[in-house]
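Structure record follows, encoded as structure tokens.
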Amino acid sequence: MQKAILVILAIVILPISLEAKSPTYFKFGANLSYLRHTEGKNKPGICLEIDKYFFPIRAFNGFVGVGLGYTIKRLKLENKTWPSGMEPEWSDVSIGDIPLDRSYFDFAAKVGCSFSLFRNKALVELFSGASLSFPIKYLSYFADSTIFLSPDERGKYKFDYLRCESEGADKYVNWILGIALIYKDFGIEMRYDRAASAQECIRGLNINDALDSFRLLLRYCL
5 MQKAILVILA IVILPISLEA KSPTYFKFGA NLSYLRHTEG KNKPGICLEI DKYFFPIRAF
65 NGFVGVGLGY TIKRLKLENK TWPSGMEPEW SDVSIGDIPL DRSYFDFAAK VGCSFSLFRN
125 KALVELFSGA SLSFPIKYLS YFADSTIFLS PDERGKYKFD YLRCESEGAD KYVNWILGIA
185 LIYKDFGIEM RYDRAASAQE CIRGLNINDA LDSFRLLLRY CL
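Those letters in the sequence shown? Residues 5 to 226, by my numbering.
Below, the structure written as structure tokens:
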């Protein structure tokens, strides 16, 4: 009886073999990023990714994927105010748009499963996982003007944001959830990236918000 159970487990649960397929996908598309609690103006940014998928448990059509990517997120906060210096009680008012356009290097890991459609002519993939985003650089500059305050007004002005000295973390964790439709070597993927925590200091200002994204990607099996 014990031997029979072990055989069933080996056949059903552990069909791991060297012949398991491991496709590589090139993905490109766009993302729309936004701050979770702060209204801003966003534009589509580009996404480029290379993903490697492994299907070790073929009985369940489950897969594990890892990928590297390059992302540009485009966003700005319009008509905001902040101190012209580090000390708000001695500062004049800087007013203008806060550009948050930024490039990132991404590493993602995911798990999921796939289902056949139309007599195995197409596949649907469902997946979730996590990614690490490493900021590279900001891609745009401030275009602001200065409102000069009188000595009596200084220390009383209500700024939208105050200055901060550090950008904080040098990497950000995102939880990811997505779905893909695949036909032969081509596919289209929709993905939601939700930041695991808020960024306290963004672009040198205490914006203190989380940056989330929606992605729409086309992909090709290499």
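Using N, Cα and C, we set each Cβ at its ideal position, and we do this for glycine too. These numbers come from a predicted model, not from an experiment.
Backbone CA spacing between residue i and residue j [nearest angstrom]
i: L166; j: A112; result: 33 angstroms
i: R106; j: Y187; result: 33 angstroms
i: T75; j: S154; result: 44 angstroms
i: S88; j: G159; result: 12 angstroms
i: I206; j: Y196; result: 21 angstroms
i: E129; j: A184; result: 5 angstroms
i: K125; j: F146; result: 51 angstroms
i: R219; j: E53; result: 12 angstroms
i: L79; j: Q203; result: 15 angstroms
Reduced DSSP category for residue i - H, G, I as helix; E, B as strand; rest coil
i: I15; result: Annotation note: pLDDT 40 at I15 (below 50); position unreliable, coordinate value reported separately. Here I15 sits in helix by DSSP.
i: P92; result: helix
i: N46; result: strand
i: P27; result: coil
i: A112; result: strand
i: C205; result: coil
i: L214; result: Correcting the residue type first, residue 214 is Ala in the shown sequence and not Leu. Coil at A214, not helix or strand.
i: F122; result: coil
i: L10; result: Residue confidence for L10 is low, a pLDDT of 42 falling below 50, so the modelled location carries little weight; the figure read from the coordinates is stated next. DSSP places L10 in helix when its eight states are reduced to three.
Expected contact under 8 angstroms - CB spacing of residue i and residue j to nearest Å
i: S37; j: D216; result: 7 angstroms
i: L127; j: S118; result: 5 angstroms
Chain D contact for residue i (CB, 8 angstroms cutoff)
i: L36; result: Of the protein chains in this structure there is only one, and it is not chain D.
Under 8 angstroms: do the region 171-181 and the region 39-48 share three or more Cβ pairs, one atom per stretch? Because the criterion of three Cβ pairs below 8 angstroms is not met, the region 171-181 and the region 39-48 do not touch.
Ignoring anything shorter than 4 residues, give me the alpha helix (DSSP H) runs that lie fully in the region 132-203, in order along the chain. Entirely contained in the region 132-203, not one alpha helix (DSSP H) run reaches 4 residues.
For the 8 angstroms Cβ check, are there 3 or more pairs between the region 91-111 and the region 145-152? Yes, the region 91-111 is in contact with the region 145-152.
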